[in-house]
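Residue numbers (the numbering used here), protein chains in the order written: chain A, 137 to 259; chain B, 867 to 1176.
Positions of the beta carbon are idealized from the N, C-alpha and C atoms, including for glycine.
This structure is a prediction, so every number in the text was calculated from the model and none was measured.
Quick notes on the structure that follows.
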Amino acid sequence: MTGLMTRQRLAAAAAVSIMLGAGTAIAEQPQPAAPQQVAATNEAEISIQSFQFVPAILTIKPGTAVTWVNRDEEPHNVVSPDRVFRSKAIDGGEKFTAVFDKPGTYNYICAVHPHMHGKIIVE
Amino acid sequence: MNTQNPDNPGTSRRGLLKCMAWAGTGMVWTVAGGIPRGLGLGEAFAASAADGFTFVQISDSHIGFNKEANPDTNGTFQAALDRITKLPKQPAMVLHTGDVSHLSKPEEFDTAAQILKAVKQDIHYVPGEHDVIGDDGKEFFQRFEPKLKTGGWYSFDQGGVHFVGMVNVLTFETAKAGGFGAEQLEWLEKDLKGRSASTPIVLFTHVPMWPIYPQWGWGTEDAPQALSYLKRFGSVTVLNGHIHQIVQKVEGNVSYQTAMSTAFPQPTAGQGPAPGPMKVPAEKLRSVLGIREIDIVPMKAAAVTDVTLA
Chain A
137 MTGLMTRQRL AAAAAVSIML GAGTAIAEQP QPAAPQQVAA TNEAEISIQS
187 FQFVPAILTI KPGTAVTWVN RDEEPHNVVS PDRVFRSKAI DGGEKFTAVF
237 DKPGTYNYIC AVHPHMHGKI IVE
Chain B
867 MNTQNPDNPG TSRRGLLKCM AWAGTGMVWT VAGGIPRGLG LGEAFAASAA
917 DGFTFVQISD SHIGFNKEAN PDTNGTFQAA LDRITKLPKQ PAMVLHTGDV
967 SHLSKPEEFD TAAQILKAVK QDIHYVPGEH DVIGDDGKEF FQRFEPKLKT
1017 GGWYSFDQGG VHFVGMVNVL TFETAKAGGF GAEQLEWLEK DLKGRSASTP
1067 IVLFTHVPMW PIYPQWGWGT EDAPQALSYL KRFGSVTVLN GHIHQIVQKV
1117 EGNVSYQTAM STAFPQPTAG QGPAPGPMKV PAEKLRSVLG IREIDIVPMK
1167 AAAVTDVTLA
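The following block contains the structure:
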């Protein structure tokens, strides 16, 4: 489960997390996107809506940047059990991006609402 | 903190302590031997008058929240504190049972601290899950309970009551619900050991300690162990927030009381797909927000009164 991101990529993702935490939220309106199971490109989106991750299981290629977009009014976050990745609060309308470089299966939850589960498969 | 003052030395307490609660619906309950019976309001207020010790609980201020369910959480929080300063009988202290902030942001905590300056009494805090997002509560504890290590718990004695402040929002990642963890439970056992069974106990924490609706995380996984240490006490009152509505339960000598928020209501357990801010008509909002006054009458009762902001 280790080696999720290269050092550089991890730093980039952390920077996004810090930006969100400082309240400089990404201003653009979230685009409605159809849930997808397999990302064909090196960017993928997971929508957070009605207290669910959509898609709950996402399969991606190594190097894909995954962006969670919160479409609820309630804040959420994403955290893997071993804290390989952990976001700050993602408020409604905000986003968080992490890059997955190493193949593997990454379970995660929302630590504010622990009944929310998701999984990312990198292969 | 955690002082070991004996509870009213020289006083011999006989029989069961009574515990009363007014749910804001005009009902008053007194519990003797585990069997609740109705009481007239007049009798309740007569009992809570005079020499009793009074404190206030506030909860779920969610400073930083500004969406449709309440665009002005600063304003409603101020209104709640205003209620406290205008109470005919001034409380000895105030408890905040968590979710001070909405997103655990430093600026939200700073705004809350600024608004809380209206309260002249001591305020004791426990964090909610919204206060510990992404940093395990570092910012929260630095500001509101700086004497504690991050994530810490505590107890103190005031007005003949033993108060216990516990943290049940740092286990969400592993427990899928509220939880105290082994270290805190061990501390609780030691903290209560040797205390007289007649000492009234008030335990305050964020998430309800009984499984109101575990599917939404409305419960505390290891609460039964905590309760095993509390059972022998004649009067135990558990105060919490988290679900933004008044729900009560009495079990033996333990009275569970979840409080209203000062920010926005949440749906009844299981109503709708998920918990979260519930929109009510603007003119109704203040009737579902509020504070809670608790009167402890020596030898008699803990009377819980929920007061709305309407």
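### Message
Give me the chain B residues within the contact set of A/Asn213, using Cβ-Cβ distance strictly less than 7 Å, ordered along the chain.
### Response
Here residue 213 of chain A is taken as the residue at index 77 of the first sequence, counted from 1. Per Cβ cutoff of 7 Å: Ile999 and Gly1000.
### Residue interval of the alpha helix (DSSP H) (run including B/Leu1096)
Looking up residue 1096 of chain B in the second sequence gives position 230. Where B/Leu1096 is concerned, the enclosing alpha helix (DSSP H) stretches over Ala1089 to Leu1096.
### Query
Where does the unbroken alpha helix (DSSP H) through A/Glu259 begin, and where does it stop?
Along the first sequence, one-based indexing puts residue 259 of chain A at 123. Careful: A/Glu259 lies outside any alpha helix (DSSP H) and carries neither H nor E.
### Message
If the cut-off is 8 Å on Cβ atoms, which residues from the stretch 979 to 1012 of chain B count as contacting chain A, listed in chain order?
### Response
Glu995, His996, Ile999, Gly1000 and Asp1001
### Task
Could you name each continuous beta strand (DSSP E) segment of 3 residues or more that falls completely within the stretch 1119 to 1176 of chain B, going from the start of the chain to the end?
1120 to 1124, 1156 to 1163 and 1167 to 1174
### Query
Around the Cβ of B/Glu1087, are there at least 16 other Cβ atoms within 10 angstroms (buried) or fewer (exposed)?
On the second sequence, position 221 is the one that residue 1087 of chain B refers to. Buried, since its Cβ has 16 or more Cβ neighbours within 10 Å.
#### Entry: Presumed contact (8 Å Cβ cut-off) between B/Gly964 and B/Gly994, rounded CB distance
As a first step, residue 964 of chain B is located in the second sequence; it is residue number 98 there, counting from the start. As a first step, residue 994 of chain B is located in the second sequence; it is residue number 128 there, counting from the start. Yes, B/Gly964 and B/Gly994 are in contact; Cβ-Cβ is about 3 Å, under 8 Å.
#### Entry: Inter-residue Cα distance where the pair is B/Ser1021 and A/Asp208
The residue labelled residue 1021 of chain B in the question sits at position 155 within the second sequence. The residue labelled residue 208 of chain A in the question sits at position 72 within the first sequence. When rounded, the distance between both Cα atoms is 37 Å.
### Query
Taking the alpha carbon of A/Pro250 as the point to measure from, which residue in B/Ala979, B/Ala1041, B/Gln923 and B/Asn940 has its own alpha carbon closest?
Residue numbering aside, residue 250 of chain A sits at position 114 when the first sequence is read from its first letter. Of the listed residues, the one whose Cα sits closest to A/Pro250 is B/Ala1041.
### Task
Indicate the three-state DSSP secondary structure (helix, strand or coil) for A/Phe189 in the structure shown.
The residue you call residue 189 of chain A lines up with position 53 of the first sequence. Three-state result, A/Phe189: strand.
### Contact set between A/Lys224 and chain B, taken where Cβ atoms lie within less than 9 Å
Taking the first sequence and counting its residues from 1, one reaches residue 224 of chain A at position 88. Within 9 Å Cβ-Cβ: Leu969, Ser970, Lys971, Ile999, Gly1000 and Asp1001.
### Check whether B/Gly1017 and B/Asp1002 have beta carbons under 8 Å apart
The residue labelled residue 1017 of chain B in the question sits at position 151 within the second sequence. The residue labelled residue 1002 of chain B in the question sits at position 136 within the second sequence. Result yes, Cβ atoms of B/Gly1017 and B/Asp1002 sit closer than 8 Å.
### Query
Is the beta carbon of B/Leu1155 sitting closer than 8 Å to the one on B/Thr1124?
Here the question's residue 1155 of chain B lines up with position 289 in the second sequence. Here the question's residue 1124 of chain B lines up with position 258 in the second sequence. Result no, Cβ atoms of B/Leu1155 and B/Thr1124 do not sit closer than 8 Å.
### Task
With a threshold of 16 other CB atoms inside 10 Å of the CB of B/Ser1094, please say whether the residue is buried or exposed.
Counting from one through the second sequence, the residue named residue 1094 of chain B turns up at place 228. B/Ser1094 comes out exposed.
### Message
Helix, strand or coil, according to DSSP, for B/Trp1082 in the structure here?
### Response
Numbered from its first residue, the second sequence carries residue 1082 of chain B at position 216. B/Trp1082 falls in the helix class under three-state DSSP.
### Query
Which residues in chain D sit within 7 Å of B/Phe1038, going by Cβ to Cβ distance?
Among the protein chains of the structure shown, namely A and B, there is no chain D.
### Message
Beta-carbon within less than 8 Å of A/Ala192's beta-carbon, same chain only, minus the 5 sequence neighbours each way: which residues are those?
### Response
Here residue 192 of chain A corresponds to residue number 56 of the first sequence, with the count starting at 1. Result list for A/Ala192: His253, Gly254 and Lys255, in chain order.
#### Entry: Simplified DSSP state of B/Pro902, which is helix, strand or coil
Translated into the one-based positions of the second sequence, residue 902 of chain B becomes position 36. With a pLDDT of only 34 at B/Pro902, under 50, the local geometry of the prediction cannot be trusted, and no value is derived from it.
### Query
What residues match up with A/Ala201 in a beta bridge as DSSP calls it?
Numbered from 1 along the first sequence, position 65 holds the residue referred to as residue 201 of chain A. DSSP lists A/Glu179 and A/Val235 as partners of A/Ala201.
### Query
CA-CA distance, B/Asp938 and B/Phe931?
Counted from its first residue, the second sequence places residue 938 of chain B at position 72. Counted from its first residue, the second sequence places residue 931 of chain B at position 65. Cα to Cα, B/Asp938 sits roughly 8 Å from B/Phe931.
### Query
Can you find a C-beta in chain B that's less than 8 Å from the C-beta of A/Phe187?
Locating residue 187 of chain A in the first sequence gives position 51, counting from the first residue. Judged by the 8 Å Cβ criterion, A/Phe187 is in contact with chain B.
### Task
Examine chain B for any beta-carbon lying closer than 8 Å to the beta-carbon of A/Pro217, and answer yes or no.
Translated into positions along the first sequence, residue 217 of chain A becomes position 81. Closer than 8 Å: yes.
### Under 9 Å by beta carbon: chain B residues contacting A/Gly228
As a position in the first sequence, residue 228 of chain A is number 92, starting the count at 1. Under the 9 Å cutoff, chain B gives Lys933.
### Query
Using the beta-carbon of each residue, which ones in chain A are nearer than 8 Å to B/Pro937?
Walking along the second sequence from the start, residue 937 of chain B turns up at place 71. Those do not exist, as B/Pro937 stays about 12 Å from chain A at its closest Cβ, beyond 8 Å.
### Query
Can the beta-carbon of B/Arg1158 be found closer than 8 Å to that of B/Thr1171?
Counting from one through the second sequence, the residue named residue 1158 of chain B turns up at place 292. Counting from one through the second sequence, the residue named residue 1171 of chain B turns up at place 305. In contact: B/Arg1158 and B/Thr1171 (Cβ atoms closer than 8 Å).
### Task
State the CB to CB distance for the pair B/Val966 and B/Ile989, rounded to an integer number of angstroms; the pair is presumed to be in contact (CB under 8 Å).
As a first step, residue 966 of chain B must be located in the second sequence, where it is residue number 100. As a first step, residue 989 of chain B must be located in the second sequence, where it is residue number 123. Going by Cβ atoms, the distance from B/Val966 to B/Ile989 rounds to 10 Å, so no, they are not a contact pair.
### Query
Less than 8 Å separating the beta-carbons of B/Val960 and B/Val998?
The residue labelled residue 960 of chain B in the question sits at position 94 within the second sequence. The residue labelled residue 998 of chain B in the question sits at position 132 within the second sequence. Contact: no.
### At least three beta-carbon pairs within less than 8 Å, the stretch 1045 to 1058 of chain B to the stretch 947 to 960 of chain B
no
### Query
Tell me which same chain residues have a C-beta within less than 7 Å of the C-beta of B/Arg1009, skipping the five on either side of it?
In the second sequence, counting from the first residue as 1, residue 1009 of chain B sits at position 143. If we look at B/Arg1009 and ignore the five residues flanking it on each side, its Cβ neighbours are Phe975 and Ala979.
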